[in-house]
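Numbering-wise, the sequence shown is residues 7 to 176 according to the numbering used here.
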Amino acid sequence: MQWIGALLFIGTTTWIGFEWSHRLTTRPKHIRQLKNALQILEAEIVYSHLPLQDAFLNISNQIPEPLKSFFKSLFITMKKERISLHEIWDKQVVQLMGNSSLGDNEAEILKQFGRTLGQHDVHQQQKHIQLAVHHLDRELENARDNQFKYSKMAKSLGILCGLFIVLLLI
């Protein structure tokens with residue numbers, strides 16, 4: 007019976023390590039998708055002169071999950087509810103953080119960007135989008151560094167912690 011418990015414990019800690027490694031690996035991918043979405047938003051605003059609601063729908067049709075759901079939810083919520091865009095944006099950012107591997111820094115960048123969205127003329131809005139993309143570039147570099155440094159370590163640490171604790175208890 008002890009061996010079954012020991013194997014289950016080692017399996018659980020290994021799974022935790024692999025999950026941590028997976029989050030480290032997918033974070034740069036999600037940041038790149040977010041940058042791409044903001045660049046599409048910039049093109050929709052500057053060149054197509056679309057309203058934000060329609061721009062969100064167009065973006066959701068061009069990008070993969072989890073950001074597809076983020077922009078689709080923005081579109082749907084703006085259509086249904088009569089609350090400020092800032093409030094809608096903040097709610098959707100919180101949901102996005104739960105559905106993606108994005109970190110707290112990316113959430114803060116998105117929230118700051120959301121405060122300016124729809125508040126300025128086209129050229130000022132373009133500058134705010136470029137500023138957000140610039141901040142995301144910095145976070146992308148940090149995410150890549152963390153992935154390179156810690157991804158293999160997370161997998162190994164999960165297995166080794168499980169083995170260590172099982173050996174201590176036996």
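A virtual CB, placed ideally from N, CA and C, is assigned to each residue, including glycine.
When DSSP states are grouped into helix, strand and coil, G164 belongs to the helix group.
Taking R121 as the centre and dropping the five residues before and after it, the same chain places the C-beta of H92 closer than 7 Å to its C-beta, in chain order. If you look at D110, you'll find it in the alpha helix (DSSP H) that goes D110 to T122. If you look at H92, you'll find it in the alpha helix (DSSP H) that goes L91 to N105. The stretch 101 to 121 and the stretch 67 to 77 touch, with three or more beta-carbon pairs separated by less than 8 Å. The Cβ atoms of H134 and F119 lie closer than 8 Å to each other. A straight-line Cα-Cα distance of about 10 Å links R150 and Y156.
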